[in-house]
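What follows is a single structure, written as structure tokens, with notes after it.
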């Protein structure tokens, strides 16, 4: 299959934080954001594969800053790497500044993995990714390490075989 | 503060998978489950701390088996360990067998972390956890390793300082 | 069919009262609670019968105390008695105390009746109930009286034939 | 306060049964209908009292016929009687015939009771009802009997004091 | 086909403005009202045609007055004219006065057009309309002019052929 | 105020058509799309003005092609012209081709108008628009004619004063 660029899979979601999306501090609930991120990244994975896609896993996600009710939240998702039938997707979450035009701050970053399947739910091959920008290349490189970590945590790979990941604990540059 | 048991924080959610919760294969969408898991674990963290709690992070989550429309899904969440103002919560997700009474299969397992805050959103101390069962003790032990992994991935700890985690790559028993 | 205990059908739902669930006093709307109680009791009836179940009737329900926005509400439903193809289900509704750990107050109690049906919607037999606790036995006993009342109110039984119910008006102990 | 007619409180809701409103037989779930009936009757009670109203109780409700997905459901609610600060409301539920113009069949009938309250939630007086049609007069008459039944079932009245209701068990005409 | 009156298609929807329906000024969002108007008018078109109906177009709609959270909104929709397989529907939107019984003010007026289709989505004929009241006759008369305007704006009619509409720019009475 | 480009206001929404968004032919309901278009255009108007914005009117909208369940729908909204305190916004609606990567077809085009208001709901000035592309310039030019049409239809302008609009009926080029 012919490689595609991450940009071809770019999916953008814009949401306004409504009352029912908020917790008792009137800030966006984590669960709602996780749900939106799943939709944004599923669309990106679909755009890359043109197949039905199902969520396979979610990487470590951190919620660093509260997002208040009424905020405009933009999610941008792009496939960062493809492995046989699975796709890793990066989601960047932005919150709009209420005053300064065009200004926005990054609220969050997350990584979801999807598998492309046929109508019976069996895995099916997807095109490889050809990263273009510096950031896309970095994310592409890191994908293998994250895949190993996920396999180890899931008990499907022995730590000593995770060569990419081991480097993390001996060599800062590999990061 | 006096320690509490994980059992005191147990929160149970039961959901029926409705049409709008499903993808094009008529199976539960990952994003909806992530949302339900956030609610279940937020309630567990609230029960432990009796404070407003906000989602701090989600650990690596895997989706191993499809859950079909109409299924009855039960989420059970319990605080596994508390650190100053943060609480790690384990969520076990069960799907009910449609035939055999009382039988159910585990569909999923996830770990969310919450921070207890006051009305202004500032972190506030929570009671420690005193695990009781074998599984609770295992989860309690693993929490420190997971915390270190999360700090490294977030760039807040140097890999060489993560003594608990490093063991993972040299010594299988530490797992 | 072999009898089952009420406990085998126990279904637990936990909900947080969100803004859209509330009336102009910021308290939970009755209609939303009736909806939640229907889901909780339908799951209990399904657990008992392992069949598709449809709501047949709702008994007199009282709303005694307001439940405020942000409250954690727990619904516990158990089949109290089975008649051929119908099942009476008791739902106890609890509201969590925001301060004291483990403490909760009863907000509500309701009784729904379900019928088990096959794929064409025809009634189908269900196992009998074998009550265990004192409360389960009381509820089991009262079910016949409630069934008679329901039949009379629906014009399907003559009052003079409702022997169980008549006792209510002559003999306090029968209550 | 000056009496009002039931007609002045008439509230009409029309709903289309959507996929998420249905059970596994593709029929309207009882809980959803209970929710819609609460909204319809709350609006009727509000129109009568021009006050904030809260659901006080729901009478015995029966679900006799399935309502299929895609159906158009019309709910008509009218205050049947007022007692100091409470109002009994009848809700008639109609399902539209898909072929014959103007034809519809009655799917359901339910009775909800509301209390009018001030901003602090304290009960407040409402105008009396002056029934006009034959059906309105019948429903007005029956309201007292239903109120007694509700009080007895709630343990707030002794059966021997329920003179209206006792008649039900000796004299068919009183029904 | 035998003509029907607008009244036979009358559809009434009543909604309470909930928190999630509102913008940052706590007033009903335009988009939610557009959605409700679509449902109300689709039901009216269905009542007239007894067919599946799909939205074909929305005329110019103005939002003149804010509708605050907690308001009771009533939508009344009636078919104003039928052309072969299409139906023009008028929707009047009323907001209830919170004090004075029976009083309400008109908040909005909109015109939607629907096409009746068979199971494959092909257009199918509908009965003509026989207007009765003065307002119904006015709306019936104006429908042709609006249809021409819509065809011109959609590039499907030459302005010089729109005889009804041209009159608008030369002769006030034609309006 | 300094002029801004339409591009600075660009807002993109991506939605998957879920079961509850569809009519009885399993196609997207018009009302849901109208709702999504309102959100997309409100965000564009907010990005242009950095103010609270309220929907003022919706222009003639046509629904030309059915959008099936499961489709990925992308809405792109940009301010086309600003008048004192009001902004006209164009929304282009695209449906993704399920096979060919990057291909999509235009399903719809709509025009909404918003007014920027302060915290009390009073109109407030917004920056002018400086169109850049050929399409943006065309839409900018047409805005005045549409404004006149809207004023006439709303009875706020005499047809003979609508110089821009009159041209439409005499001179094809003016279109």
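Protein chains in written order, with the numbering used here: chain A, 67 to 241; chain B, 67 to 241; chain C, 67 to 241; chain D, 67 to 241; chain E, 67 to 241; chain F, 67 to 241.
Idealized CB from N, CA, C, for every residue including glycine.
Just so we're clear, the structure is a prediction, and the values are computed from it rather than from any experiment.
Classification of residue i by the beta-carbon crowding that lies within 10 angstroms, buried from 16 upward
i: residue 70/E; result: buried
i: residue 67/C; result: exposed
i: residue 146/A; result: buried
i: residue 191/A; result: exposed
i: residue 226/C; result: exposed
i: residue 98/E; result: buried
i: residue 229/F; result: exposed
i: residue 239/F; result: Confidence is the limiting factor: at residue 239/F the pLDDT is only 40, short of 50, which leaves the residue's position unreliable, though a coordinate-based value still follows. Exposed: under 16 other Cβ atoms inside 10 Å.
i: residue 187/C; result: exposed
i: residue 198/A; result: exposed
Option in the options with minimal Cα separation from residue i
i: residue 166/E; options: 216/D, 84/D, 117/D, 221/D; result: 117/D
i: residue 150/B; options: 139/B, 172/B, 179/B, 158/B; result: 179/B
i: residue 245/E; options: 229/E, 220/E, 172/E; result: Nothing about residue 245/E can be reported from this structure: the residues present for chain E run from 67 to 241 only.
i: residue 130/B; options: 105/B, 94/B, 122/B; result: 94/B
i: residue 90/E; options: 132/E, 126/E, 119/E; result: 132/E
i: residue 323/F; options: 215/E, 193/E, 194/E, 195/E; result: Nothing can be reported for residue 323/F, as the shown portion of chain F is limited to 67 through 241.
i: residue 122/D; options: 205/D, 177/D, 78/D; result: 177/D
i: residue 221/F; options: 136/E, 126/E, 110/E; result: 126/E
i: residue 80/D; options: 102/E, 84/E, 83/E; result: 102/E
i: residue 175/C; options: 144/C, 200/C, 184/C; result: 144/C
i: residue 137/F; options: 195/F, 164/F, 155/F; result: 164/F
i: residue 169/B; options: 92/C, 72/C, 113/C; result: 113/C
i: residue 76/E; options: 161/E, 183/E, 195/E, 204/E; result: 195/E
i: residue 128/D; options: 158/D, 217/D, 111/D, 148/D; result: 158/D
i: residue 152/B; options: 142/B, 119/B, 161/B; result: 119/B
i: residue 148/D; options: 161/D, 87/D, 202/D, 224/D; result: 202/D
Within chain F, partners of residue i - CB distance below 7 Å
i: residue 86/B; result: 84, 85, 86
i: residue 189/E; result: Result: empty, since nearest Cβ-Cβ is about 13 Å, beyond 7 Å.
Residue i - containing beta strand (DSSP E), residue span
i: residue 153/E; result: 152-162
i: residue 170/C; result: 170-183
i: residue 118/A; result: 118-124
i: residue 79/F; result: 77-82
i: residue 144/C; result: 138-149
Proximal chain A residues relative to residue i, where beta-carbon distance stays under 7 Å
i: residue 202/F; result: Within chain A, no residue comes near residue 202/F; the closest Cβ sits about 17 Å away, beyond 7 Å.
i: residue 157/B; result: What residue 157/B touches in chain A: nothing, since even the nearest Cβ is about 11 Å away.
i: residue 105/F; result: 82
Residue i: contacting residues in chain B (beta-carbon distance under 9 Å)
i: residue 97/F; result: Near residue 97/F there are no residues of chain B at all, since even the closest Cβ is about 16 Å away, more than 9 Å.
Chain E residues whose Cβ lies nearer than 9 Å to that of residue i
i: residue 93/C; result: The contacting residues do not exist; residue 93/C stays about 13 Å from chain E at best.
i: residue 79/D; result: 78, 79, 80, 81
Contact test: residue i Cβ vs the ligand FAD heavy atom, cutoff 7 Å
i: residue 163/F; result: This structure does not include the ligand FAD; it has no bound ligands of any sort.
Beta-carbon neighbours of residue i, restricted to chain F and to distances below 9 Å
i: residue 208/D; result: The premise fails here: residue 208/D is roughly 38 Å from chain F at the closest Cβ pair, so nothing lies under 9 Å.
i: residue 152/E; result: By Cβ distance, chain F contributes nothing, its closest Cβ being about 12 Å from residue 152/E, past 9 Å.
Listed by chain order, chain E residues near residue i by CB distance under 7 Å
i: residue 126/C; result: In chain order: nothing, as chain E lies at least about 25 Å away.
i: residue 90/C; result: 136
i: residue 101/D; result: What residue 101/D touches in chain E: nothing, since even the nearest Cβ is about 12 Å away.
i: residue 219/F; result: 126
Amino acids of chain C, ordered along the chain, whose beta-carbon sits closer than 8 Å to that of residue i
i: residue 129/D; result: 120, 121, 122, 123
The alpha helix (DSSP H) enclosing residue i, as first and last residue numbers
i: residue 201/E; result: 200-219
i: residue 109/E; result: 96-115
Interface residues of chain E facing residue i [CB-CB closer than 8 Å]
i: residue 164/D; result: 116
i: residue 132/F; result: 120, 187
Neighbouring residues, chain D, relative to residue i (Cβ below 8 Å)
i: residue 109/E; result: 80, 82, 138
Interface partners of residue i on chain H, CB under 9 Å
i: residue 216/F; result: Absence of chain H from the displayed structure is noted, the protein chains being A, B, C, D, E and F.
* Are at least three pairs of beta-carbons, each pair with one atom in the region 208-217 of chain E and one in the region 103-112 of chain F, less than 8 Å apart? -> no
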